[in-house]
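Peer 1: First residue of the sequence shown: 2, per this note's numbering; consecutive thereafter.
C-beta: ideal position from N, C-alpha, C; glycine also.
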Amino acid sequence: PRLREPVRDQVELRAVDIDSLIGQDHPVRVIWAYVEGLDLSELEDRVKARENRPGYPAPSPRLLLALWLYATSDGVGSARALDRLCDSHDVYRWLCGGVSLNHHTLSDFRVGCADLLDRLLVEHLVALNEAGLVDLEKLTQDGVRIRASAGTGS
């Protein structure tokens, strides 16, 4: 398939190479290395953009998966918030490697690949937790709903 892959050794207009934006020991590099090792042919087969055909290349599913994995471990669950981070936060800019995205692309990927993404998120977060790179206690949330019973006199 024809894909837009991140190119992190390119130089941007601000005269900083993208790879120097984060340290060599930053956890996002572990996430990227993990995603690089995955067989994502199932996701790549879904890409409609092909070589020698008209149209703009699609963002790499590997990039989209890495963004969602890191965002989830960072406590970000909104496609719009992730889109803003990709423009403004150096770690997310490093992950994007110059590939421009928007919240629709991020959201469509998350919804369209929900089952696979959920499975990979769980597997990855367990691996990160075992390696001591994330604390899953910070990711849990009490989902109990309690009805309010406030009357007009309260």
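For residue 28, report the span of its alpha helix (DSSP H) as first-last.
Peer 2: 28 to 37
Peer 1: Mapping DSSP to helix, strand and coil, what is residue 5?
Peer 2: strand
Peer 1: Can you confirm whether the segment 98 to 113 touches the segment 125 to 133 when touching is taken to mean that 3 or more C-beta pairs between the two stretches lie within less than 8 Å?
Peer 2: no
Peer 1: Identify which residue in 37, 146 and 45 has its Cα closest to the Cα of residue 67.
Peer 2: 37
Peer 1: Quick check on the DSSP output: the alpha helix (DSSP H) that includes residue 114 runs from which residue to which?
Peer 2: Run containing residue 114: none; DSSP gives neither H nor E here.
Peer 1: Keeping to the same chain, check which residues put their C-beta closer than 8 Å to that of residue 83; ignore five residues upstream and five downstream.
Peer 2: 68, 69, 72, 77, 93, 104 and 107
Peer 1: Label residue 19 either buried or exposed according to how many other C-beta atoms from any shown protein chain fall within 10 Å of its C-beta, with 16 as the threshold for buried.
Peer 2: Buried.
Peer 1: To the nearest angstrom, how far is the alpha carbon of residue 4 from that of residue 65?
Peer 2: The straight-line gap from Cα to Cα measures roughly 12 Å.
Peer 1: Can you tell me the Cβ-Cβ gap for residue 125 and residue 35, rounded? I've got them flagged as a contact below 8 Å.
Peer 2: 6 Å
Peer 1: Short check: CB of residue 111 to CB of residue 80, under 8 Å?
Peer 2: yes
Peer 1: Mind checking which residues open and close the alpha helix (DSSP H) that includes residue 41?
Peer 2: It is not in any alpha helix (DSSP H) - residue 41 carries neither H nor E in the DSSP assignment.
Peer 1: Using DSSP bridges, identify the partner residues of residue 18.
Peer 2: Note: residue 18 sits in a beta bridge opposite 12.
Peer 1: Check for me: the alpha helix (DSSP H) holding residue 136 runs from which residue to which?
Peer 2: Premise fails: residue 136 is in no alpha helix (DSSP H) and is neither H nor E.
Peer 1: Leaving out five residues on either side along the sequence, give the residues of the same chain with a beta carbon under 6 Å from the beta carbon of residue 52.
Peer 2: 3
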